[in-house]
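Inspection log for the structure reproduced underneath, given as C-alpha cells.
Number of protein chains: 2
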Amino acid sequence: MDHPASPDKPLSIHPDTLAIVDKARAEGLETVWDRAAAQEPQCGFCELGLSCRICVMGPCRIDPFGDSPQRGICGADAHIMVARNLARMIAAGAASHSDHGRDLVETLLAVSESRAPGYKIADAAKLDRLAAEFGVAAELAPLAKAKELALAMMEEYGIKKGYLTFTRRLPAARLEKWRTLGIEPRGIDWEVTEMMHRTHMGVDNDPVNLLVQALRVALSDGWGGSMIATEVSDILFGTPQPVASQVNLGVLKADQVNIILHGHSPLVSDTVAQAAQDPQLLARARELGAAGLNLVGLCCTGNEVLMRRGIPMAGNHLVQELALVTGAVEAMVVDYQCIMPSLGDLAACYHTKFYSTSPKAKFPGATHLPFSPENAQALGRQLVAQAVEDFARRRPERVLIPVTPVSQISGFSVEVIQTALGGTWDPLLNAIKAGQVRGAVGVVGCNNPKVVHDYGHTTLTRKLIEADILILDTGCAAVAHAKAGFKQLEAAALAGPGLRAVCQALGIPPVLHMGSCVDNTRIINLVAALAQALGVDLDQLPVAAAAPEWYSEKAATIASYAVACGIYTVLGVTPPVLGSSAVTDLLLNGLQGPLGATFAVEPDPAKAADLIINHVEAKRRALGLEAR
Amino acid sequence: MDHPASPDKPLSIHPDTLAIVDKARAEGLETVWDRAAAQEPQCGFCELGLSCRICVMGPCRIDPFGDSPQRGICGADAHIMVARNLARMIAAGAASHSDHGRDLVETLLAVSESRAPGYKIADAAKLDRLAAEFGVAAELAPLAKAKELALAMMEEYGIKKGYLTFTRRLPAARLEKWRTLGIEPRGIDWEVTEMMHRTHMGVDNDPVNLLVQALRVALSDGWGGSMIATEVSDILFGTPQPVASQVNLGVLKADQVNIILHGHSPLVSDTVAQAAQDPQLLARARELGAAGLNLVGLCCTGNEVLMRRGIPMAGNHLVQELALVTGAVEAMVVDYQCIMPSLGDLAACYHTKFYSTSPKAKFPGATHLPFSPENAQALGRQLVAQAVEDFARRRPERVLIPVTPVSQISGFSVEVIQTALGGTWDPLLNAIKAGQVRGAVGVVGCNNPKVVHDYGHTTLTRKLIEADILILDTGCAAVAHAKAGFKQLEAAALAGPGLRAVCQALGIPPVLHMGSCVDNTRIINLVAALAQALGVDLDQLPVAAAAPEWYSEKAATIASYAVACGIYTVLGVTPPVLGSSAVTDLLLNGLQGPLGATFAVEPDPAKAADLIINHVEAKRRALGLEAR
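Going line by line, the protein sequences match chains A and B. Heads up: the first sequence at position 416 corresponds to 1278 in the numbering used here, and the numbers run straight through without jumps. Heads up: the second sequence at position 281 corresponds to 1143 in the numbering used here, and the numbers run straight through without jumps.
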C-alpha cells in the first residue's frame, strides 16, 4: 500500500488505520508509532534481558560481547539475570489474567447474594456443569449453587487445596509430565507470589529451576485464573453463540452517539450495553439529533461484547488511539489491561470523555467512576446518559470515519463447536484423520509497533488456511483476521480444498473466533478435549499456536502455558532472552523432552507458517496419519 | 582506618572484613566490592526509575533532563514508570517474606500431622495465644490445635477472608486510616498478585493509586506473611529469650569443624543445630582431629539461630563471601534470600562444600539437597556428617581467622521485654514520659556496597543512643551493632545519661536485638502494644525507623509497612524514584496527611540521626511531654 506518511514502511496493512494515522499527523497528534520511533535506539541491555534492577546494589548490566562486566554485583551471571527477568514477566502476565478472573468470581458471589443488580445467571446449564466439576451439590437452587461455586473457585487462589480443579480436564499423561517436572499448578496467587520470591536477590539462581517455576505460574493462569475468567463470564453473560457483526473503524457512526468499550472485562461493558437499550436514553439521543446509540468494542472488552452481544469491533491494540482521532467518539469507557495512558491526552483534543471504571486502574485525564458489583447497573446507565449529552458537543468538521465496516461471524465457544459437530468430536477428528483438515492452530496475541500492524497475523493465517489448517483465534489477532475478511463464510474460498469443503459443509469460516485473550483457555480446553477423545496426550496432536505480534506480559504467559500443555508455539517478536544462551536453548529445545513442545521465534510470518505446517505434518506422521 | 587496599575509601569499618578482603585480593578472588566497581557507572535511567521493561513494545527510557523522549511507547510518563517499578519492588519484597512464612505454616501443618520428625511444638503457650487469636477452640489438644491454626493461617494467604487477622492487634484509629485510604490488607498472595496486575501495561497508570496499593501489599507482609513467619517460628523453635553469644569472623574456629548457616529460615538450620549435638558425629570429628563441631550463623538464618540457640554470628550480608575466604569453613548451608550466587565459585577455591537446601533456590556450584518437613531431620544429620568428613580436607595454611570475637546479648522478643518490665508496658512508658528514654527507633536493614560496610548502622545508632533513644534492631543492622559492641551491658556507657540509667537498672544493653528481617514484625508489634497501652495511634509515639544500608526489595517493603503503620522511616540509600517528582514528593511528604508518617532519604547517617532525634522530640512535644 502506498502510504504517503511513511512511503518506505507502512505502519499497518489496513486502510482505516493508515487514514487515521494521517489525520493524527495532520492534527499534530502523537500516536504510539511516534513514541516508538522516539524510543529508538532501544536499550540493548534491556532488549537482551541483560539488565537487572532487582535490588539497589544495582542497577547492573552484563556486557553481551563478553567484555567486563560479566556478573551483576550479587554475582548473578547472564543466565540468572535473563531467567529472572523473564520469570517476572510471566508472573505479571499470570497475575493480570488471574486478577481479572478474581473480579468475575467476586461478581458471581455478589450475584449469588443478590447484591449485584444488573447481573444474573445467564447460563444455568453451564453453572450446573461447573458446580458439578467443583463438587457443589447438584440439588442446590441456582443462586445457592452459584455461591458455593464462587467460594470453591476462591479456593483455587489459595494455598490450602494444593492443585487446580480445571487441570483434571487433562489427559493423565499430561498431568504426569507436569508432576515429573514439578509444575503441576497449585494455588493461583501462590504461584505468582512464589515466583516473585524466587526472583528476589539471592533466592533462585538456577535458570532452569526459575523457568520451571515460571511454567507452573503460567499453568496457574491457563488452568486457573484465565479459565475461571472465561467460565464465570459464560455463567454471568452467556456462553458465546455464533453471531454476525462487523469490524474496523467504520463501525463508528457519524450520525449516532458512539461509545467505545475498551479493556478486557465484560463486567462494566455489559451494563453499558444494557443501558444502551434504554428507550429513554435513546429518546434523549434523538432529541439531541443523534440517529441512535452505537456501542462498539475495542481490544478484548470488545471481544467479550462481540462474542456475546454481537457488538461491532472498532479495532485492536494499535487502533485504540486512532479510534479517538476519528473525532466521532462521545465516550471511551475502559476497565483494565493494554489501555494506553496516552488516551486521556487524545480524548482531550476532542469532545470525547474518557472514563476509567476499575478501582485497580486509573489513567491520566480520565474521569474515574469506579465499578463495584453493587453499583454496576447504575454506572452503566450513568455512562450512557453522559455520552448522550456529549453528542451535542461533537464537532462534525473534525470527524473522519474513513471506511465501511467488514462483516464477520464470531462466537465459537467450545460448546458451540461441539454442538455444531453433533455433540461429538468425531466429525472433526475424522476430518483430521482423513487429511481434509490437516490440524488446528491458535493464532493469538497482541499488536506491537515493531511489526507492521496486523501483517503478522494475516500473513501467517492466510498461509495456514491455504494449507488446510483450521485457525482458532482470540484477542488482537482475532480483530486482524476479521478486518481481513477471514471470518466471513466466503473466506472458505481462501482455504485449501480440504478445509474449504469442511467449512462449506458446516457453514463456518476457516478462522473461528474463540474470544478475548483470557479465552485462550477455550483453545486449550478444545485441544484437551480432542486429545481425550483421541486417547493421546496434547503434544501428539497436529496443533500449534502462534503470537506473531505479541507485546504483553500476558502473551508471554499464554505462550508459556501453551508450551507446557504440549503445544508448539511460534513467537513473532523476540522475547528479551537472547542475552542467555542457556535460557534461549531451554526455550527453543530443552522443553521438548519433558513437555513434548518448544517455543520458536520467527519474525517473518510466512516462514512461521512453514514452521507450523511442517510441525503439523510431522505430528500427523507420528500419529500414523497421511502426511505431506 | 588505614586500609592499604583502598587507602582513600575503606570498604568497611570492621577489621575482620578488611583483613579478609585483603586475603581475597592476595588470592586473586573476586568479591562483591570488585563487582560493584566493575558495574560503575551504573545506568542512570535505571537508577532514577526511568527505564521500563514491562512490555516488549519496549524497552523504553525517559530522558531525565526533559529532552525527548518523555513518554514510553505506551504513553507512560516518568511518574507512571517510576511508580510501577517501585510497586513491583515492594511486591517482590512482600512475596519473599510471605513465601518464607508459608514454609513455616506448611511445616506447622506437617508437625500437627506427625510427619515432620525433627520439629515439635516448642512454645505451647504461644501456640495457645495464637490459636485463640485465630479463633481455634481452646480445648483442642496441642497437635490438633496446631493443625487448626496452620489451616487458619493458610486462609490469610487466600481471598475468601478479606482481611488479615493480625491487623486486629492495632489501634482502631490506625485501621480507620487504612480503611479511608483503601489499604487495609486482605489476602497476602492476593495483594502481591493484584500489584503485579496493576503494574502490567495499561492497567494502573496513576502513580498515587499504584503506590497506595503498594502500601497495601507491604502491610500484607508486615501484618501477614512476615508476622506469620515470626510467630510460627516461635511456636516451632521457641520464643527468643536473652542469650549471650559472640559475633564477627572470629567465631570461626581454626581447630573445629565449621558449618555456616546462611539465608533466612530457621527450618533447616535448626535441624543442623540438632545434628551438631549428636555425640557420634562429635566423636567422628574428634577422630579426624577436630576439637569440636562449630556452628555459626550468617545473615538472617544466623539471626534465627542466634536468637534461639545462642549460635554465634559470623557476619552480615557483605561478609558472606569473606566467611568462605577464611578457608576455615567445611560447609556453607543456605536456604534462601540474599545469598550471593558467587558463593559457589568461592567455595570451589577452598575445600568448602556449598549446600542449597530449598527447592525454591538453587545456586551455581551448590550441592542441592532439598528440604521438606519430612526429611529435614535426616537432612540436618547428613549435612553435619559430611562437614565432619570434609574437615580432613581443610588446608590449614590457607586459613585466616583474623580477629577474636565480640560478645553480645541477643534474644529480645516482645514477650521478653514485657516480662522484663514486670508484665506491663508502664515502666517503659513511664521512662519515656519522664524523658529518661526519649523514644525508640528501629535501626534495621541490609548492607550495600554503596555504603561503607556497617558505617551507616553504627554511626546512626551511636548518635541515637547518645541522645537517650532506645534502639531495636534486626537483620544485618543487628550484626553491625553487635560487632561494634553495642549489645554488651557495658555499652550502656555509650548511651546518654537517661538511657544509661534505664539500661543499668534493667540489665540490658541500649540496643536490643529483636531478630531477623521478618522479625521487624516484633518491632511493629511492640510499637502497636505501646500505642494501645497509651491510648494513641502509632504515629503519635516518639518512634522512628531507619535502614541506613538497605539493598533488598524486602527492605523497601519493610520501610513501606513501617510508614503505613505511622512510623517515620529514614533510608540511607536512595530508592530508584528520583526520576519522578510526583513519586518522590508522595514518599517524602504526601503520606503525612493520610498516614501520619513519611519516608526520608539521608545518606549521611549523622544527619539521619539529627532528623530522627528532631522527629522523636517533636512527637514528644505533640504528646505534651517534655521535649528538647
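Note that the Cβ used here is the ideal one computed from N, Cα and C, for glycine as well.
Under DSSP, the alpha helix (DSSP H) around B/Thr1383 begins and ends at which residues? To locate residue 1383 of chain B, count along the second sequence from 1; it is residue 521. It spans Asn1382 to Leu1396 - the alpha helix (DSSP H) in which B/Thr1383 sits, taken as one unbroken run.
Please report whether the beta-carbon of B/Leu873 lies at a distance below 8 Å from any beta-carbon of chain A. As a working note, residue 873 of chain B is residue 11 in the second sequence. At least 8 Å separates the CB of B/Leu873 from every CB of chain A.
Could you please give the first and the last residue of the uninterrupted beta strand (DSSP E) stretch that includes A/Gln1298? For this step, residue 1298 of chain A is matched to residue 436 along the first sequence. Careful: A/Gln1298 lies outside any beta strand (DSSP E) and carries neither H nor E.
Segment contact flag, the stretch 1066-1079 of chain A with the stretch 1438-1454 of chain A, C-beta cutoff 8 Å, min 3 pairs: When Cβ pairs closer than 8 Å are counted between the two stretches, the stretch 1066-1079 of chain A is seen to touch the stretch 1438-1454 of chain A, the count reaching three or more.
Does the stretch 1429-1438 of chain B come close enough to the stretch 1332-1339 of chain B that 3 or more CB-CB pairs lie under 8 Å? No, because fewer than three Cβ pairs between the stretch 1332-1339 of chain B and the stretch 1429-1438 of chain B fall closer than 8 Å, the two stretches do not touch.
DSSP three-state call for B/Cys914: helix, strand or coil? Looking up residue 914 of chain B in the second sequence gives position 52. Assignment of B/Cys914 by DSSP, reduced to helix, strand and coil, places it in the strand class.
Restricting to Cα atoms, I'd like to know which of B/His1179, B/Ala1193, B/Tyr1217 and B/Gly1285 is closest to B/Met1202. For the purposes of this step, residue 1202 of chain B is taken as the residue at position 340 of the second sequence. The alpha carbon of B/Met1202 has as its nearest neighbour, out of B/His1179, B/Ala1193, B/Tyr1217 and B/Gly1285, the alpha carbon of B/His1179.
With the cut-off set at 8 Å, would you say B/Leu1006 and B/Ala1000 are in Cβ contact? Residue mapping note: residue 1006 of chain B aligns to position 144 of the second sequence, counting from 1. Residue mapping note: residue 1000 of chain B aligns to position 138 of the second sequence, counting from 1. Note that residue 1006 of chain B corresponds to Ala in the displayed sequence, not to Leu. Cβ distance not < 8 Å, so B/Ala1006 and B/Ala1000 don't count as in contact.
Please classify A/Gly955: is it buried, with 16 or more other beta-carbons within 10 angstroms of its beta-carbon, or exposed? Walking along the first sequence from the start, residue 955 of chain A turns up at place 93. With 16 or more other Cβ atoms within 10 Å, it is buried.
Alpha carbon of B/Ala1426 to alpha carbon of B/Asn1387, nearest angstrom: The residue you call residue 1426 of chain B lines up with position 564 of the second sequence. The residue you call residue 1387 of chain B lines up with position 525 of the second sequence. The straight-line gap from Cα to Cα measures roughly 14 Å.
Residues from the stretch 1390-1417 of chain A in contact with chain B, defined by Cβ distance under 9 Å: For chain B, the residues of the stretch 1390-1417 of chain A that bring a beta carbon within less than 9 Å of one of its beta carbons are Trp1412, Tyr1413, Ser1414, Glu1415, Lys1416 and Ala1417, in chain order.
Under 8 Å between C-beta atoms, does A/Phe1225 make it to chain B? Here residue 1225 of chain A corresponds to residue number 363 of the first sequence, with the count starting at 1. Under the Cβ distance rule, A/Phe1225 counts among the residues neighbouring chain B, one pair being separated by less than 8 Å.
Taking A/Ile1090 as the reference, give the member of A/Val1398, A/Asn1382 and A/Thr1431 with the closest Cα. Locating residue 1090 of chain A in the first sequence gives position 228, where the first residue counts as 1. Residue nearest to A/Ile1090 within the set A/Val1398, A/Asn1382 and A/Thr1431 is A/Asn1382 (criterion: CA-CA distance).
Please identify the residue among A/Glu1183, A/Gly1377, A/Leu1368 and A/Asp1207 whose C-alpha is closest to the C-alpha of A/Leu1290. Position 428 of the first sequence, counted from the first residue, corresponds to residue 1290 of chain A. Measuring C-alpha to C-alpha distances from A/Leu1290 to each of A/Glu1183, A/Gly1377, A/Leu1368 and A/Asp1207 identifies A/Leu1368 as the nearest.
Among residues of its own chain, excluding the 5 on either side of B/Val1278, which ones have a beta-carbon nearer than 8 Å to its beta-carbon? Here residue 1278 of chain B corresponds to residue number 416 of the second sequence, with the count starting at 1. Cβ neighbours of B/Val1278 beyond the five flanking positions: Thr1101, Pro1102, Gln1103 and Pro1104.
Looking at A/Thr1042 and A/Arg950, is the spacing between their C-beta atoms short of 8 Å? For this step, residue 950 of chain A is matched to residue 88 along the first sequence. For this step, residue 1042 of chain A is matched to residue 180 along the first sequence. Contact: no.
Entirely enclosed beta strand (DSSP E) segments - the stretch 1132-1203 of chain B, minimum 3 residues: Qualifying beta strand (DSSP E) stretches, in chain order: 1155-1160, 1175-1177 and 1193-1196.
Which same chain residues, not among the five before or five after B/His1228, have their C-beta less than 7 Å away from its C-beta? Along the second sequence, one-based indexing puts residue 1228 of chain B at 366. At residue 1228 of chain B the sequence reads Ala, which differs from the His that was named. Gly1206, Phe1216, Tyr1217 and Ser1218, listed in sequence order.
Return the first residue and the last residue of the beta strand (DSSP E) that B/Val1119 is part of. Here residue 1119 of chain B corresponds to residue number 257 of the second sequence, with the count starting at 1. Here the beta strand (DSSP E) through B/Val1119 covers Val1119 to Gly1125.
Quick one: what does DSSP say B/Gly1358 is sitting in, helix, strand or coil? One-based indexing of the second sequence puts residue 1358 of chain B at position 496. B/Gly1358: coil per DSSP, three-state reduction.
Could you tell me whether the Cβ of A/Pro1311 comes closer than 8 Å to any Cβ of chain B? In the first sequence, the residue the question calls residue 1311 of chain A occupies position 449. At least one chain B Cβ lies under 8 Å of A/Pro1311.
To be precise: take each residue of the stretch 1187-1210 of chain B, compare its Cβ to all Cβ atoms of chain A, and keep it if any distance is under 7 Å. Which residues remain? For the stretch 1187-1210 of chain B, which is checked against every Cβ of chain A, the residues closer than 7 Å are Tyr1198, Gln1199, Cys1200, Ile1201, Met1202, Pro1203 and Ser1204.
Following the continuous beta strand (DSSP E) through B/Val1331, name the residue where it begins and the one where it ends. The residue given as residue 1331 of chain B occupies position 469 in the second sequence. At residue 1331 of chain B the sequence reads Ile, which differs from the Val that was named. Where B/Ile1331 is concerned, the enclosing beta strand (DSSP E) starts and stops at Ile1331 to Thr1336.
Starting from B/Pro931, find everything on chain A with Cβ-Cβ shorter than 7 Å and list it in chain order. Taking the second sequence and counting its residues from 1, the one referred to as residue 931 of chain B is at position 69. Those within 7 Å of B/Pro931 in chain A are Arg897, Ala900 and Gln901.
For B/Gly1337, would you say it is in contact with chain A, using Cβ-to-Cβ distances shorter than 8 Å as the test? Within the second sequence, numbered from 1, the residue matching residue 1337 of chain B stands at position 475. No, B/Gly1337 lies away from the interface with chain A (no Cβ there is under 8 Å from its Cβ).
Residue of A/Asp1051, A/Ile942, A/Ala1462 and A/Lys982 minimising C-alpha distance to A/His959: Walking along the first sequence from the start, residue 959 of chain A turns up at place 97. Taking A/His959 as reference, the option from A/Asp1051, A/Ile942, A/Ala1462 and A/Lys982 with the minimal CA-CA separation is A/Asp1051.
Quick check: the Cα distance between B/Val1313 and B/Glu909, rounded to an integer number of angstroms? Here residue 1313 of chain B refers to the residue found at position 451 when the second sequence is read from its first residue. Here residue 909 of chain B refers to the residue found at position 47 when the second sequence is read from its first residue. So the alpha carbons of these two residues sit roughly 16 Å apart.
In the stretch 1221-1288 of chain B, which residue ranges form an unbroken alpha helix (DSSP H) of at least 4 residues, counting only runs that do not cross its ends? The qualifying runs are 1238-1253 and 1276-1282.
Can you tell me the Cα-Cα spacing of A/Pro869 and A/Arg1031, whole angstroms? Numbered from 1 along the first sequence, position 7 holds the residue referred to as residue 869 of chain A. Numbered from 1 along the first sequence, position 169 holds the residue referred to as residue 1031 of chain A. With a pLDDT of only 47 at A/Pro869, under the threshold of 50, the placement of this residue in the model should not be trusted; the figure read from the coordinates follows. Distance between the alpha carbons of A/Pro869 and A/Arg1031 is about 51 Å.
Less than 8 Å between the C-beta atoms of A/Ile1271 and A/Pro1371, yes or no? Counting from 1 along the first sequence, the entry for residue 1271 of chain A is found at position 409. Counting from 1 along the first sequence, the entry for residue 1371 of chain A is found at position 509. Contact flag set, yes.
Check whether the Cβ atoms of B/Val1130 and B/Phe1233 sit closer than 8 Å, and answer yes or no. Taking the first residue of the second sequence as position 1, residue 1130 of chain B is located at position 268. Taking the first residue of the second sequence as position 1, residue 1233 of chain B is located at position 371. Closer than 8 Å, so yes.
For A/Thr1188, which residues in the same chain have their Cβ closer than 7 Å to its Cβ, ignoring the five residues on either side in sequence? To locate residue 1188 of chain A, count along the first sequence from 1; it is residue 326. Cβ within range, chain order: Ile882, Leu1111, Leu1114, Val1261, Leu1262 and Ile1263.
Buried versus exposed, by CB contacts within 10 Å (16 or more), A/Asn1292: The residue you call residue 1292 of chain A lines up with position 430 of the first sequence. That one is exposed.
Neighbouring residues, chain A, relative to B/Asn1071 (Cβ below 7 Å): Position 209 of the second sequence, counted from the start, is the residue given in the question as residue 1071 of chain B. Among the residues of chain A, those whose CB is under 7 Å from the CB of B/Asn1071 are Lys1224, following chain order.
So, B/Ile935 versus A/Ala1470, is the Cβ gap smaller than 8 Å? Walking along the second sequence from the start, residue 935 of chain B turns up at place 73. Walking along the first sequence from the start, residue 1470 of chain A turns up at place 608. Annotated as distal: B/Ile935 and A/Ala1470, with beta-carbon spacing of 8 Å or more.
Own chain residues within Cβ distance below 6 Å of A/Ala1462, not counting five before or after: The sequence position of residue 1462 of chain A within the first sequence is 600, counting from 1. Exclusion of the five residues before and after A/Ala1462 leaves Val1432 and Leu1473 as the residues of its chain whose Cβ lies within less than 6 Å of its Cβ.
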